[in-house]
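The sequence shown: position 766 = 766 (full-length UniProt numbering), numbered continuously. Just so it is clear, CB atoms sit at the ideal spot from N, CA and C, and this is done for glycine as well.
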Amino acid sequence: MKKFRKVLDGLTTSSPANPGGSPACGSAAGTPSTAPTPRELEIQETLMSEHFQICKTVRHGVPYQPTALAFDPVQKILAIGSRSGGVRLLGRPGVDCHCQHESGAAVLQLQFLINEGALVTACADDTLHLWNLRQRRPAILHSLKFNRERITFCHLPFQSKWLYVGTERGNTHIVNIESFILSGYVIMWNKAIELSTKTHPGPVVHLSDSPKDEGKLLIGFESGTIVMWDLRAKRTDFRIYYDEAIHSASWHHEGRQFMCSHSDGSLSMWNLRNTAKPFQVTFPHGKTQRDGRKESCKPILKVEYKTSRNSSEAFVVFSGGLSYDKAGRRPTLTIMHGKAITVLEMDYPIVDFLVLCETPYINEVQEPYAVVVLLEKDFVVVDLTQSNFPIFENPYPMDIHESPVTCTAYFADCPPDIIPVLYSIGAKHKKTGYSHKEWPVSGGTWTVGSQTYPEIIITGHADGSIKFWDATAITLQMLYKLKTSKVFEKPKSGDVGRSAELVEEDPYAVQMISWCPQSRILCVVGISAHVILYRFSKHDASTTITSLEVRLQCEMEDVISPSDTENTPSFSDPSGHSPQPQPPSPRSNTPDSMRDSIPCLKVKDRMIRMPPGYQAELVVQLLWVDGEPPQQITSLDLNSAYGLLALGNCNGLTVVDYLQKTILLCMSTLELYGSADPFQRLTRSPRKNRQSTSGLTELSDNQVSLDLERSKSPTSDHVNGHCTSPTSQPCLTGRARVPGGPEGPRLARRGPGRPPFRKAQSAACMEVSLPVSSLTEGYPSRRAMLQQLHGVSMYSHDEHHITTYSWSERESRENSFSRSRSSSVSSIDRETKEAVTTLQFAESYGRKSDTLPTPCLWVGTSLGLVLIIPMSIPTDEQERLEDPVTVAPTGTVLMLKGSILRIGFLDCGGALINSPYEVWRDQHAPDHPDRPRKRKLVNFSPSSSQEASGDGHLAVVCSERQAKVFFMPSQACLYVHNITESSFVLRADVVSVCNSVCLACFCANGHIMTLSLPSLRPLLDVNYLPLTDMRIARTFCFTNGGQALYLCSPTEIQRITYSQEMCDNLQEMLGELFTPIETPEAQNRGFLKGFFGGNAQTFDREELFGEAAAGKASRSLAQHIPGQGGMEGMKAAAGGVVGELARARIALDERGQRLGELEERTALMMTSAETFSKHAHELMLKCKDKKWYQF
């Protein structure tokens, strides 16, 4: 624990920790404060570096680019492999684990060691891995790297420790699972085929042992050759040569026949008695043409042949096989049961499927009950026990990417009543028609941990939808879905001048979300420069949506660089400040140059019936101005206690009173400074003067005129952690034109430097093709990198497609934004706009002379400046709805290096000050005369005690490069910390951790850092996540409790923790993948049949494949690599006593587990022996008195 004692006085203007050169902070002119001197400040900091550790917790969503599928029928655990080398293990809800191969090679195939708690993965780098699933965090036990051959197919028989591995050369190798060493037994391709065959049979595509005899191995080659190999005799029993290529094969459980799928869309049935030709060939989807030939069909990629006791007809399930002439049809899964053929259309291409059966024994009646279908972007389970084949309701959140995710928000420790309310509303809109049976993937165990609190994740999507998710206790469950597009009229075809020109296909895409859980008010920022305010109600309502239109645009000639007016006072014509109202232009069929006062979207102007849930109340839209579309909104804040909404972009700031439905303030950033512009004091060499023109204060709804003395300051474009303004460019660069190409004329119409938006900028789909080093070294500023990425890569719904524009356009954009981020005039005089990057309502002090806190709006800009705007808000409820709110910019300016990202507040005891809020009330609930509905406001005073309410508070301000702590109202800088010099901060938040507060930062170089408050001591600095694509930058967010999340792929959300306490409790929160279950016994085949005829089918693989019989394999063929073996949890303590104790404890646990298993097996053997003795005694008594001829 560290105690800080610092005497503050009004003359303090810099921090002792301030690096030399620039002032650490200061007021507008650096004048002494007239505020009363505060008393001695004592703050005890409890957070230490031991309280922090980075750890991944859980991953949600369908695996991105899945490649393989496997299922353990006894443990009922499902495994999914992906192209990036990831493996997802799924069981009952809550049992969800993600593993990652360090090589990152694609997973080709998965094989469970059924009921053994282990999994074999075959990867594209020709390596086999054995995973231990008997621990909550699976780890690799062994690896085997093939050096000379490529792995194509693997097969592990049930209850066998020998794995068959087929290769691209056509050879079949055998691996011992226990030691992970190759056997000397090899089935060479040239021995499997006839010597007279002149062509290579191709890679091995299928391996399976015969259900009738485990000593027979069926080998399928790609060319169409099928071989039955006798493992004992080391020769072939038969060979089949078929004209069409083979994709898969499946046995009948009796082992007398099998089925193959082929590349021409046919299924062939083969009987072991006659292998000269198939006894049946069918084209399930091929019709006979007039000339008698079958129409050509697509390949059947996989087939499964399963039998059932209740029906004499078998189930045949396969994917593909449709005729080529049916263009546009979706991917299908076909289920054939007797003469009935059912075709199930899927939304995405089928990657793999598995038929789930009751028994793990391949020589028993299979009894299929479900089909697991792995799609490219989904995961479906079909119920086979019902004739209409309904699907199961998926308990996992596999539809996160239903529309590409564009932004995220994470709220921990929410009010406990909000989740049940959202769930009850969302349950009314759930789909029906699901199977009534329980979810079949029900393995593992999971219990809610002791330390749980309500958590909600909100995702915004490209189609304008918003989804609320229950994220409590590391699970994720859909609560409620809201469609923001219902607020607007559908754009008509050919409606020029609307949003179609700005964002052609996703005009409703969500860019930002602001949500107040206590008041249940939701604000949504869309890509078409609009803000929608929603209120929550349990009752439906019929109402009209109020629309406010804001004219907020910066003209080219409005800009004056600091050196233009050097040493010369800035005088503006007072008449220039008055807005000039202009009649709105027609809303359609308007040329670009004539568009004026037109919003991008049209709000519905009629009475609308709104269902229970979130209901739209107000829409604020920015307008076109003189043919220029509005700049996208870059910052937003909402305060329910004040009834105010603030939004900003690269042109200026707008404050809206959503209770009175009026606009209070609409000013450019330059006008907010007044005479307090800090840059007018800096000297520069003379430059050519430019004519000063009026700024912008024009509104179409509520015209105001603010006569302030202005001094033009250098400004810049904005990019913040969640969203970016990719359409803004320096006004002085003129219109960008692309020579040639179809996009040239369209780009030119959009004004200076506006990229032709095809769709919303999805966080899920923006891939970066640049190396990581260039992201941190080649781009000196965060804005340069983000602008280059936004300008060049436009996503489509197919994540594999990226539209790239000509180099001249890309280079011009890159050069416009590649500059060093600093507050010096030399680096900013090339910029022409100063963006509002963050907004925060708070009870604070607008002036140094203030003695009591008042409602204020803190405004952070892209130049590292912070403005404080005090407000006067009536306290009486009736007066609040009638009297105007007064907003008066004071010119108070604080300075930092880099664009401002986050502003937070602490009291004099170091505790976090939460913003005031209004307690939720249902405006559409029936009126009660005895209990009139009144606004109930909860205000947190800046000080924890009533007597010290006027003693001030601390303001924490974080920018891209620096963090500072100011004391208010004196505006003295207490602490300063330079977070990074070589990179920049993408996301920063003041969060609660371990009953204290800290500043959490995520940098572009992948570092996650935490700083103590208020002293800004570094507590954690871990190089965790390299910024390899924009998706991470746009979706990364921190929350209380030491948690964070980001979109790790277009379809998956990764949650992490940076709290040591949560890392310690993570084992308790995670589910158990393996549970001890007795392996089901094989069917009783009868005593006499098993006694006399069973020896023919016994097969000792150890005798054939062991080193004694087969010898050792060539060392150059494969290399054994020992794995971590579950020691990952002990890495931190590997060298000390703690590590030794941890190893001893794990060894004791494993020994105890093995002893328990041995005891169970001993008991089973005793029971079996007693049963055998009983049967033998009964047989002896029965046959005792019989003569030999009576048998």
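>> Here's a check: name, in chain order, each residue in its chain whose Cβ is nearer than 7 Å to the Cβ of G1111, leaving out the five neighbours to either side.
In response: Locating residue 1111 in the sequence shown gives position 1111, where the first residue counts as 1. Contacts found: G184.
>> Quick check on the DSSP output: the alpha helix (DSSP H) that includes M1030 runs from which residue to which?
In response: Reading the sequence shown from its first residue, position 1030 is the one you call residue 1030. Residues M1030 to T1035.
> Given a threshold of 16 other Cβ atoms within 10 Å of its Cβ, counted over all protein chains shown, does L852 qualify as buried or as exposed?
Replying inline: Here residue 852 corresponds to residue number 852 of the sequence shown, with the count starting at 1. Exposed, because fewer than 16 other Cβ atoms sit within 10 Å of the Cβ of L852.
> For P678 versus V351, is the C-beta spacing smaller than 8 Å?
Replying inline: Position 678 of the sequence shown, counted from the start, is the residue given in the question as residue 678. Position 351 of the sequence shown, counted from the start, is the residue given in the question as residue 351. Not closer than 8 Å, so no.
>> Counting C-beta neighbours from all protein chains within 10 Å, is the total for P870 16 or more, i.e. buried, or is it exposed?
In response: Here residue 870 is taken as the residue at index 870 of the sequence shown, counted from 1. Here P870 is buried: its Cβ has 16 or more other Cβ atoms, across all protein chains shown, within 10 Å.
>> Measuring straight from C-alpha to C-alpha, what distance separates W515 and I521?
In response: Residue mapping note: residue 515 aligns to position 515 of the sequence shown, counting from 1. Residue mapping note: residue 521 aligns to position 521 of the sequence shown, counting from 1. Spanning the two alpha carbons is a distance of roughly 6 Å.
> What is the DSSP secondary structure of V990, counted as helix, strand or coil?
Replying inline: Counting from one through the sequence shown, the residue named residue 990 turns up at place 990. Of the three classes helix, strand and coil, the one that applies to V990 here is strand, per DSSP.
> Quick one: any contact between the segment 408-419 and the segment 364-375, if contact means 3 or more CB pairs under 8 Å?
Replying inline: no
> Going by C-alpha distance, which of T875, R935 and L670 is nearest V866?
Replying inline: Position 866 of the sequence shown, counted from the start, is the residue given in the question as residue 866. Among T875, R935 and L670, the Cα nearest to that of V866 is on L670.
> Based on Cα-Cα distance, which residue from P926, V919, D951 and Y1046 lies nearest to L906?
Replying inline: Looking up residue 906 in the sequence shown gives position 906. Checked all of P926, V919, D951 and Y1046; the closest Cα to L906 is D951.
> At what residues does the beta strand (DSSP E) containing T1079 begin and finish?
Replying inline: Locating residue 1079 in the sequence shown gives position 1079, counting from the first residue. Premise fails: T1079 is in no beta strand (DSSP E) and is neither H nor E.
> Within this structure, are the beta carbons of F1036 and A1004 separated by less than 8 Å?
Replying inline: Residue mapping note: residue 1036 aligns to position 1036 of the sequence shown, counting from 1. Residue mapping note: residue 1004 aligns to position 1004 of the sequence shown, counting from 1. Not closer than 8 Å, so no.
>> If you follow the alpha helix (DSSP H) that Y423 is in, where does it begin and where does it stop?
In response: As a first step, residue 423 is located in the sequence shown; it is residue number 423 there, counting from the start. It spans I418 to A427 - the alpha helix (DSSP H) in which Y423 sits, taken as one unbroken run.
> How many Å lie between L863 and F536 at the Cα?
Replying inline: Within the sequence shown, the letter at position 863 stands for residue 863. Within the sequence shown, the letter at position 536 stands for residue 536. Those two C-alpha atoms are separated by around 37 Å.
> In the DSSP assignment, what are the bridge partners of L912?
Replying inline: Mapped onto the sequence shown, residue 912 falls at position 912. When DSSP reads this structure, L912 sits in a beta bridge with L906.
> Rounded to whole angstroms, how far is the Cβ of V107 from the Cβ of A68, which I believe are closer than 8 Å?
Replying inline: Locating residue 107 in the sequence shown gives position 107, where the first residue counts as 1. Locating residue 68 in the sequence shown gives position 68, where the first residue counts as 1. Going by Cβ atoms, the distance from V107 to A68 rounds to 5 Å, so yes, they are a contact pair.
>> Just to confirm the assignment: which complete beta strand (DSSP E) runs, minimum length 3, are found wholly within the segment 998-1077?
In response: Complete beta strand (DSSP E) runs here, min 3: 1007-1012, 1018-1023, 1037-1039, 1043-1049 and 1052-1059.
> So, T1010 versus L1020, is the Cβ gap smaller than 8 Å?
Replying inline: On the sequence shown, position 1010 is the one that residue 1010 refers to. On the sequence shown, position 1020 is the one that residue 1020 refers to. Cβ atoms of T1010 and L1020: closer than 8 Å.
>> Please classify K1186 as buried or exposed, where buried requires at least 16 neighbouring CB atoms within 10 angstroms.
In response: Locating residue 1186 in the sequence shown gives position 1186, counting from the first residue. Classification of K1186: exposed, given that the 10 Å Cβ count is below 16.
> Quick one: Cα of V381 to Cα of T359, how far?
Replying inline: Within the sequence shown, residue 381 is the residue found at index 381, counting from 1. Within the sequence shown, residue 359 is the residue found at index 359, counting from 1. Straight-line Cα distance between these residues: approximately 18 Å.
>> Restricting to Cα atoms, I'd like to know which of H253, E194 and E295 is closest to G265.
In response: As a position in the sequence shown, residue 265 is number 265, starting the count at 1. Closest option to G265, Cα to Cα, is E295.
> Should A1163 be labelled buried (16 or more other beta-carbon atoms within 10 Å of its own) or exposed?
Replying inline: If you number the sequence shown from 1, residue 1163 lands on position 1163. The residue is exposed, with fewer than 16 neighbouring Cβ atoms inside 10 Å.
>> Beta-carbon within less than 8 Å of L937's beta-carbon, same chain only, minus the 5 sequence neighbours each way: which residues are those?
In response: For the purposes of this step, residue 937 is taken as residue 937 along the sequence shown, with counting starting at 1. Hits under 8 Å: A641, P916, Y917, E918 and V919.
> Leaving out five residues before and five after E455 in sequence, what residues of the same chain have Cβ atoms less than 6 Å from its Cβ?
Replying inline: For this step, residue 455 is matched to residue 455 along the sequence shown. Around E455: A412, A471 and T472.
> Looking at the unbroken beta strand (DSSP E) that takes in R239, where does it start and where does it end?
Replying inline: Position 239 of the sequence shown, counting from 1, holds the residue named residue 239. Its beta strand (DSSP E) spans residues R235 to Y241.
> For R148 versus L1117, is the C-beta distance shorter than 8 Å?
Replying inline: For the purposes of this step, residue 148 is taken as residue 148 along the sequence shown, with counting starting at 1. For the purposes of this step, residue 1117 is taken as residue 1117 along the sequence shown, with counting starting at 1. Yes, the pair counts as a contact, with Cβ atoms nearer than the cut-off.
> Where in the segment 605-655 do unbroken runs of the beta strand (DSSP E), each at least 3 residues long, occur, reported from the N-terminal end onward?
Replying inline: 608-610, 613-622, 635-639 and 644-648
> Which of the three DSSP states, helix, strand or coil, is assigned to C1183?
Replying inline: Here residue 1183 is taken as the residue at index 1183 of the sequence shown, counted from 1. DSSP places C1183 in helix when its eight states are reduced to three.
> Enumerated in chain order, which unbroken segments of the alpha helix (DSSP H) with a length of 4 residues or greater are wholly contained in the segment 825-891?
Replying inline: Runs of the alpha helix (DSSP H) inside the segment 825-891: 825-828 and 877-882.
> How is the beta strand (DSSP E) around T121 delimited, first residue to last?
Replying inline: Here residue 121 refers to the residue found at position 121 of the sequence shown. Element bounds for T121: A118 to C123.
> According to DSSP, which residues form a beta bridge with W469?
Replying inline: Numbered from 1 along the sequence shown, position 469 holds the residue referred to as residue 469. Per DSSP, I457 and M478.
>> Only counting the same chain, and skipping five residues up and downstream in sequence, which positions put a Cβ closer than 7 Å to that of Q840?
In response: As a position in the sequence shown, residue 840 is number 840, starting the count at 1. D637, W858 and I903, listed in sequence order.
>> By DSSP's criteria, Y975 is part of a beta bridge. Which residues make up the other side?
In response: If you number the sequence shown from 1, residue 975 lands on position 975. Beta-bridge pairing links Y975 to V965.
> Does DSSP classify V441 as helix, strand or coil?
Replying inline: As a position in the sequence shown, residue 441 is number 441, starting the count at 1. Three-state DSSP puts V441 in coil, outside helix and strand.
> In terms of alpha-carbon separation, which member of D506, Y423, H436 and M512 lies closest to W469?
Replying inline: Indexing the sequence shown from 1 puts residue 469 at position 469. The shortest Cα separation from W469 among D506, Y423, H436 and M512 belongs to Y423.
> Where G321 and Y348 are concerned, what is the direct C-alpha to C-alpha distance, given to the nearest angstrom?
Replying inline: By one-based count along the sequence shown, residue 321 stands at place 321. By one-based count along the sequence shown, residue 348 stands at place 348. Rounded to the nearest angstrom, the two C-alpha atoms are 16 Å apart.
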